[in-house]
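Residue numbers (the working numbering): 10 to 116. In this text, a Cβ means the ideal position worked out from N, Cα and C, and glycines have one as well. Values in this document were obtained by computation on a predicted structure and should not be read as measured data. Everything on this sheet refers to the single structure shown next.
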Amino acid sequence: AELQKEKLDARSTIENLSERIAVSNATSETFAASKENSYQKAICKIQTQLQSAQEMNHSLSLERDDLKKKCSELEYKTEIFSQRQEENKTAQSDQLMTPAKGIAQGE
């Protein structure tokens with residue numbers, strides 16, 4: 010009878026430990042799943058931020074290219090303006106000199 014009681018106690022202890030192990034394993038799995046879920050959420054957030062940054066970079070690149078084009082156009086227009094201004098100065102100088110040449114030559 011004593012031996013039977015010890016067997017029942019041992020069996021009860023084994024069942025109790027098995028339940029505790031099962032609960033511990035379930036808790037560990039839940040924690041691991043929660044941790045994995047947190048990592049996945051963080052990865053998704055980072056991917057979203059990266060995509061947003063890439064879109065902004067692309068947009069800024071297009072804007073930079075547009076500004077370069079406008080700058081080139083302005084440089085070209087400035088060069089043309091400078092040339093015309095120089096031509097006008099030369100023409101004005103020639104006009105001022107022409108009557109003087111005519112007078113000097115007796116015309």
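- Taking C-alpha positions only, Leu83 is separated from Lys44 by approximately 57 Å.
- Collapsing the DSSP output to three states places Ala10 in coil.
- Our two residues, His67 and Gln56, have alpha carbons roughly 16 Å apart in a direct line.
- Between the C-alpha atoms of Thr36 and Lys16 there is a straight-line separation of about 30 Å.
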